[in-house]
Amino acid sequence: MLQIRSLAFNVAFYASLIVQMLVWTPIYFFLPRHLAWFVPRAWSRSSLWLMKVIAGTHQKIEGVENLPQGGYILAPKHQSLWDTISFFPYMADPVYILKRELMWIPFFGWYVGKMKMIPIHRGSRSKALRQAVKVARERMAEGRQLIVYPEGTRRPPGAEPAYKYGIAELYAQLNVPVIPVAHVAGLYWPRRKFLRYPGTIHAKFLPAIEPGLEKEVFLERLVRETEAACDELLIEVARDPKGPPLPQTALDRLKTLGVEPAPRST
Numbered sequence: 107m108l109q110i111r112s113l114a115f116n117v118a119f120y121a122s123l124i125v126q127m128l129v130w131t132p133i134y135f136f137l138p139r140h141l142a143w144f145v146p147r148a149w150s151r152s153s154l155w156l157m158k159v160i161a162g163t164h165q166k167i168e169g170v171e172n173l174p175q176g177g178y179i180l181a182p183k184h185q186s187l188w189d190t191i192s193f194f195p196y197m198a199d200p201v202y203i204l205k206r207e208l209m210w211i212p213f214f215g216w217y218v219g220k221m222k223m224i225p226i227h228r229g230s231r232s233k234a235l236r237q238a239v240k241v242a243r244e245r246m247a248e249g250r251q252l253i254v255y256p257e258g259t260r261r262p263p264g265a266e267p268a269y270k271y272g273i274a275e276l277y278a279q280l281n282v283p284v285i286p287v288a289h290v291a292g293l294y295w296p297r298r299k300f301l302r303y304p305g306t307i308h309a310k311f312l313p314a315i316e317p318g319l320e321k322e323v324f325l326e327r328l329v330r331e332t333e334a335a336c337d338e339l340l341i342e343v344a345r346d347p348k349g350p351p352l353p354q355t356a357l358d359r360l361k362t363l364g365v366e367p368a369p370r371s372t
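Per the numbering used here, the sequence shown starts with residue 107, numbered consecutively.
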């Protein structure tokens, strides 16, 4: 049953993406950018609805009151495709830093281009960072919110943190608050797998880290606060006998924390 529901969700998810891009195209590209945001927001909400109805995976997001007005950096853990579509509906006018190759995908790249995202070439990290800072400063001068994944690439739940220094440079250069985001969505929507596990993805917008700290102090605090909150969420799932299976990285982390997971019921 798990395999059937997972396959059905994946088919529905990508079919919905394609159909909605085709259906909304005549409207989307003729609207001002601020009004056109309703299209990707509608797609996000419909995708999460499909996940709930077909895969049985719900979500609970706390800490929305921690999101400030105006410009800020949202810094989520990156474990899953889920964390790329679930947070921007809570933001007034978000902007992503993304690989420029994504802009070359028909329709998808055109949709992204409409929203004035920040495509970068990852060949040279220092050059890419300078480019990202320059364009991000321009975007945030418009009061937009920057979504940055501090670890850069998706990592499995419980894995050793691997935060990049680029987030500290963006924090220092842009001089805006950073909102860490904790979750363990990779337990329910794992990277590089088609299985989607039922349950509730619990995520938290943590209190803002205000601008003005030294870069090293900021980075240490970001890692410490994000990882501590992720540990709490991991323990919450581990103690639920109906929770999803735990990958080895999660089991190793729980062992380090001195937590014995509950036996799984399936």
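Positions of the beta carbon are idealized from the N, C-alpha and C atoms, including for glycine.
Fair warning: this is a prediction, and the values are worked out from it, not measured in the lab.
Quiz item: Would you say Glu275 and Lys321 are within 8 Å of each other, going by their C-beta atoms?
Solution: As a working mapping, residue 275 is identified with position 169 in the sequence shown. As a working mapping, residue 321 is identified with position 215 in the sequence shown. It is a contact, given that the beta carbons lie within the stated cut-off.
Quiz item: Within this structure, are the beta carbons of Pro350 and Ala368 separated by less than 8 Å?
Solution: Counting from one through the sequence shown, the residue named residue 350 turns up at place 244. Counting from one through the sequence shown, the residue named residue 368 turns up at place 262. Not in contact: Pro350 and Ala368 (Cβ atoms no closer than 8 Å).
Practice problem: Could you pull out every residue in the same chain whose Cβ sits closer than 8 Å to the Cβ of Asn172, ignoring the five residues on either side in sequence? | Solution: Here residue 172 refers to the residue found at position 66 of the sequence shown. Cβ within range, chain order: Ile285, Phe311, Leu312, Pro313 and Ala314.
Quiz item: Hey, Ser192 and Ser152: beta-carbon distance below 8 Å or not?
Solution: In the sequence shown, counting from the first residue as 1, residue 192 sits at position 86. In the sequence shown, counting from the first residue as 1, residue 152 sits at position 46. Going by C-beta atoms, Ser192 is not nearer than 8 Å to Ser152.
Quiz item: Which residue's Cα is closest to the Cα of Arg359: Pro263, Glu342, Ser232 and Lys220?
Solution: Numbered from its first residue, the sequence shown carries residue 359 at position 253. The residue with the shortest Cα to Cα distance from Arg359 is Pro263.
Quiz item: Is the stretch 215-235 touching the stretch 162-170, taking contact as three or more C-beta pairs under 8 Å?
Solution: no
Quiz item: Can you tell me the Cα-Cα spacing of Leu141 and Tyr269, whole angstroms?
Solution: The count along the sequence shown starts at 1 and reaches residue 141 at position 35. The count along the sequence shown starts at 1 and reaches residue 269 at position 163. Computed Cα separation, rounded: 34 Å.
Quiz item: Looking at the unbroken beta strand (DSSP E) that takes in Ala181, where does it start and where does it end?
Solution: Here residue 181 refers to the residue found at position 75 of the sequence shown. First-last of the beta strand (DSSP E) with Ala181: Ile179 to Pro182.
Quiz prompt | Between the CA atoms of Leu113 and Phe300 - distance to the nearest angstrom | solution = As a working mapping, residue 300 is identified with position 194 in the sequence shown. As a working mapping, residue 113 is identified with position 7 in the sequence shown. Phe300 and Leu113: Cα-Cα distance of roughly 7 Å.
Quiz item: Cα-Cα, which of Leu187, Val159, Gly162 and Leu128 is closest to Val290?
Solution: Within the sequence shown, residue 290 is the residue found at index 184, counting from 1. Nearest C-alpha to Val290: Leu187.
Practice problem: Whole angstroms is fine: what's the gap from Arg250's alpha carbon to Tyr178's? | Solution: Your numbering for residue 250 matches position 144 in the sequence shown. Your numbering for residue 178 matches position 72 in the sequence shown. Their Cα atoms are separated by approximately 7 Å.
Quiz item: Would Met209 pass as a contact of Gly215 if the rule is Cβ separation under 8 Å?
Solution: Along the sequence shown, one-based indexing puts residue 209 at 103. Along the sequence shown, one-based indexing puts residue 215 at 109. Yes, the pair counts as a contact, with Cβ atoms nearer than the cut-off.
Exercise. Pick helix, strand or coil for Val282, following the three-state DSSP scheme.
Key: Along the sequence shown, one-based indexing puts residue 282 at 176. Note: Val282 maps to coil in three-state DSSP.
Exercise. Kindly indicate which three-state DSSP category His164 falls into: helix, strand or coil?
Key: As a working mapping, residue 164 is identified with position 58 in the sequence shown. Correct three-state label for His164: strand.
Quiz item: How many Å lie between Phe144 and Leu319 at the Cα?
Solution: Start at 1 with the first residue of the sequence shown, and residue 144 comes out as number 38. Start at 1 with the first residue of the sequence shown, and residue 319 comes out as number 213. Their backbone Cα atoms lie some 36 Å apart in a straight line.
Quiz prompt | Expected contact under 8 Å - CB spacing of Val365 and Ala344 to nearest Å | solution = Here residue 365 corresponds to residue number 259 of the sequence shown, with the count starting at 1. Here residue 344 corresponds to residue number 238 of the sequence shown, with the count starting at 1. Confirmed, about 6 Å.
Quiz item: Which term fits Phe324, buried or exposed, when burial requires 16 or more other beta carbons within 10 angstroms of its beta carbon?
Solution: The residue labelled residue 324 in the question sits at position 218 within the sequence shown. It is buried - the Cβ of Phe324 has at least 16 other Cβ atoms within 10 Å.
Self-check item: Nearest-angstrom Cα separation, counted from Pro304 out to Phe119
Solution: As a working note, residue 119 is residue 13 in the sequence shown. As a working note, residue 304 is residue 198 in the sequence shown. Approximately 16 Å, taken between the alpha carbons.
Self-check item: Pair within 8 Å by beta-carbon distance, Gln185 and Arg298
Solution: Position 79 of the sequence shown, counted from the start, is the residue given in the question as residue 185. Position 192 of the sequence shown, counted from the start, is the residue given in the question as residue 298. For Gln185 and Arg298, no; Cβs fall outside 8 Å.
Exercise. Tell whether a beta-carbon distance below 8 Å holds between Met157 and Phe115.
Key: As a working mapping, residue 157 is identified with position 51 in the sequence shown. As a working mapping, residue 115 is identified with position 9 in the sequence shown. Against a cut-off of 8 Å, the Cβ pair of Phe115 and Met157 comes out as a contact.
Quiz item: Is Val129 near Ile203, with beta carbons less than 8 Å apart?
Solution: Mapped onto the sequence shown, residue 129 falls at position 23. Mapped onto the sequence shown, residue 203 falls at position 97. No, the pair does not count as a contact, with Cβ atoms beyond the cut-off.
Quiz item: Among the residues of its own chain, which have a CB less than 6 Å from the CB of Asp389, if the five just before and after it don't count?
Solution: Nothing in the structure corresponds to residue 389, since the chain is present only between 107 and 372.
Practice problem: Measuring alpha carbon to alpha carbon, tell me which of His308, Pro317 and Leu328 ends up nearest Leu339. | Solution: Along the sequence shown, read from residue 1 onward, the residue named residue 339 stands at position 233. Of His308, Pro317 and Leu328, the residue nearest in Cα terms is His308.
Quiz prompt | Closest Cα partner of Gly219 within the set Tyr134, Leu352 and Val117 | solution = For the purposes of this step, residue 219 is identified with residue 113 of the sequence shown, where counting begins at 1. For Gly219, the nearest C-alpha among the options comes from Tyr134.
Quiz item: Hey, would you say Lys183 sits closer than 8 Å to Ala356, going by beta carbons?
Solution: The sequence position of residue 183 within the sequence shown is 77, counting from 1. The sequence position of residue 356 within the sequence shown is 250, counting from 1. Not closer than 8 Å, so no.
Quiz item: Straight-line CA distance for Arg330 to Met197?
Solution: As a working note, residue 330 is residue 224 in the sequence shown. As a working note, residue 197 is residue 91 in the sequence shown. If you take the alpha carbons of Arg330 and Met197, they lie about 25 Å apart.
Quiz prompt | DSSP state of Leu301 mapped onto helix, strand, coil | solution = Mapped onto the sequence shown, residue 301 falls at position 195. Leu301: coil per DSSP, three-state reduction.
Quiz prompt | Rounded separation between Arg327 and Glu316 - CA only | solution = Along the sequence shown, one-based indexing puts residue 327 at 221. Along the sequence shown, one-based indexing puts residue 316 at 210. Roughly 11 Å separates the two Cα atoms.
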